[in-house]
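Residue numbers (my numbering): 19 to 505.
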């Protein structure tokens, strides 16, 4: 597909199927149609959303401008300015272009279309108003689904809460069906599974089938063995173009059995990858490096490449709330070695998607200057703003790594709808807590408190893990007291 770089009257432009647009309260949301990246949405003015629906694969830009004049009761010059704005916006982030040319005589260029009326109904005027990235959306973009906390392995580095509710307290499969139906009705169509291992949940394949019927995309991380029969079934129910399957594997030798708590895991993981790749699935992997296995990374990378893995992420051990073991931290020299080896191996294999994310995050030694640089460039937290987490018993939390109990629970979908919880005062109070709750901490005395929480927010997970206090600063805040090494 040829991206649109300028506005020409006779061209036909279309919206890439890799992106979705959705009307929001006073604007339009453009987001990647991908379970992982959906939270990196971009805001567009409401009038821009209307204009995007007119790129239907038939109209030329001149005809689109004419429709804008008619629908929005505006002038031709203003209509062209709007289209020029969209072309510029599409190219504002390299690799995230969403407008492409479609030759008039070609049916080979895929694209997405949208009903204009739905966007017109949300229109509140013709101004190019916008909302900040950290604002809460009218409807969540994505859900993190945790059907179970159970797992077939017992990894020493795992961050998950292993002890979940009893069988009688877990959401039944029928309720998960209802939640998927509701999500589809609100166009919440990108999801991430977490837990526990979702493949250990009874009936999970039926849930996948229902999601596939709606065309939902989802990320499925697992360490459960996937047989040839199961891989074929997943292909038969339509999952192939919708799911990214992540297999966790930490080495090539039996030495990694100590890390995952089960014998023969590496070969089972390789067999799972082979079975899934043979059925045409997009398979990626994640590897956690510790002093026990980091030397295996070059051999592991070559093995994964030969098996047909599309993307491999190499990370170092990070502190977990439930089972932290400081002996699993890599030292500075080991981190350097891992990053260098991954870079060299990737170049040798011509594999651009072999990626090392090994880095040291240590907040035990104050370094205000370094903290300040990172703080000003921090990512915003999507919890309660564009995403929420549904735990095995239906309780809703805003981060998959926090305890699944009070004070982290903001509601329950056991007997309430997704939108009931999303619009509840409890979720808003958690995302935007009153300053008085922070009395006695650095946040309680901070003049930037409101600004901080209004947009980027703080990491309440790291605050709780470090200071055992939900209402404390993130340890990466320049004003925070010394904390711990996190990775």
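A virtual CB, placed ideally from N, CA and C, is assigned to each residue, including glycine.
What are the start and end residues of the beta strand (DSSP E) that includes residue i?
i           : result
residue 330 : 329-334
residue 428 : Looking at the DSSP string, residue 428 is not in any beta strand (DSSP E), and its letter there is neither H nor E.
residue 304 : 300-307
residue 31  : 31-33
residue 235 : 235-240
residue 163 : 160-163
residue 265 : 261-266
residue 374 : 372-374
My output table needs one value for residue i: the three-state DSSP class, helix, strand or coil.
i           : result
residue 447 : helix
residue 88  : helix
residue 456 : helix
residue 41  : strand
residue 74  : strand
residue 437 : helix
residue 175 : coil
residue 499 : coil
residue 419 : coil
residue 252 : helix
residue 342 : coil
residue 414 : strand
residue 390 : helix
residue 60  : strand
residue 216 : helix
residue 383 : coil
residue 28  : coil
residue 504 : coil
residue 283 : helix
residue 46  : strand
residue 269 : coil
residue 492 : coil
residue 146 : Annotation note: pLDDT 48 at residue 146 (below 50); position unreliable, coordinate value reported separately. Residue 146: coil per DSSP, three-state reduction.
Between the options, which lies nearest to residue i when the distance is taken from Cα to Cα?
i           : options              : result
residue 163 : 465, 415 and 473     : 415
residue 303 : 314, 296 and 318     : 318
residue 506 : 433, 395 and 399     : Outside the displayed span of the chain (19 to 505) sits residue 506, for which this structure offers no information.
residue 496 : 483, 464 and 472     : 464
residue 87  : 76, 491, 187 and 101 : 101
residue 403 : 368, 474 and 351     : 474
residue 182 : 254, 490 and 411     : 411
residue 493 : 136, 461, 468 and 89 : 461
residue 154 : 219, 450 and 504     : 450
residue 346 : 311, 45 and 240      : 311
Which term fits residue i, buried or exposed, when burial requires 16 or more other beta carbons within 10 angstroms of its beta carbon?
i           : result
residue 145 : Note that residue 145 scores a pLDDT of 47, beneath 50, so its modelled location is shaky; the value from the coordinates is reported in the next line. Exposed, since its Cβ has fewer than 16 Cβ neighbours within 10 Å.
residue 337 : buried
residue 447 : exposed
residue 268 : buried
residue 323 : buried
residue 260 : buried
residue 366 : exposed
residue 38  : buried
residue 250 : exposed
residue 445 : buried
residue 476 : buried
residue 49  : buried
residue 120 : buried
residue 383 : exposed
residue 94  : exposed
residue 224 : exposed
residue 143 : Reliability fails at residue 143, whose pLDDT of 47 lies under 50, so the model's placement of it is uncertain and the value that follows must be treated cautiously. Exposed: under 16 other Cβ atoms inside 10 Å.
residue 262 : buried
residue 41  : buried
Can you give me the start and stop residues for the alpha helix (DSSP H) that residue i sits inside?
i           : result
residue 320 : 315-325
residue 118 : No alpha helix (DSSP H) holds residue 118; the beta strand (DSSP E) holding it covers 117-119.
residue 103 : 94-108
residue 197 : 191-203
residue 136 : 134-139
residue 209 : It is not in any alpha helix (DSSP H) - residue 209 instead sits in the beta strand (DSSP E) that spans 208-211.
residue 408 : From DSSP, residue 408 is part of no alpha helix (DSSP H) but of the beta strand (DSSP E) over 405-408.
residue 535 : Residue numbering for the chain in the displayed model covers 19 to 505; residue 535 lies beyond these limits and cannot be assessed.
residue 310 : That residue, residue 310, is in no alpha helix (DSSP H); it is neither H nor E in DSSP.
Taking 8 Å as the threshold (beta carbon to beta carbon), is residue i in contact with chain D?
i           : result
residue 131 : In the structure shown, chain D cannot be found, because there is only a single protein chain.
Quick test of the definition: if touching needs 3 or more C-beta pairs under 8 Å, does the stretch 196-207 touch the stretch 173-188?
No: fewer than three Cβ pairs fall under 8 Å.
Validate contact between the stretch 152-162 and the stretch 49-68 using beta carbons, cut 8 Å, 3 pairs
Cβ pair count under 8 Å is three or more, so yes.
Flag this pair as touching only if the stretch 237-244 and the stretch 282-300 have three or more C-beta atom pairs under 8 Å; answer yes or no.
Because the criterion of three Cβ pairs below 8 Å is met, the stretch 237-244 and the stretch 282-300 touch.
Specify whether the stretch 72-92 and the stretch 26-41 touch according to this definition: at least 3 beta carbon pairs, one from each stretch, less than 8 Å apart.
Yes, the stretch 72-92 touches the stretch 26-41.
Meets three-Cβ-pair contact criterion under 8 Å: the stretch 451-469 and the stretch 214-221
No, the stretch 451-469 does not touch the stretch 214-221.
Across the stretch 224-232 and the stretch 270-288, are there enough close Cβ pairs to call them in contact, namely three or more that are closer than 8 Å?
No contact exists between the stretch 224-232 and the stretch 270-288.
Sufficient close CB pairs (3 or more, under 8 Å) joining the stretch 479-486 to the stretch 415-426
Output reads yes: the stretch 415-426 touches the stretch 479-486.
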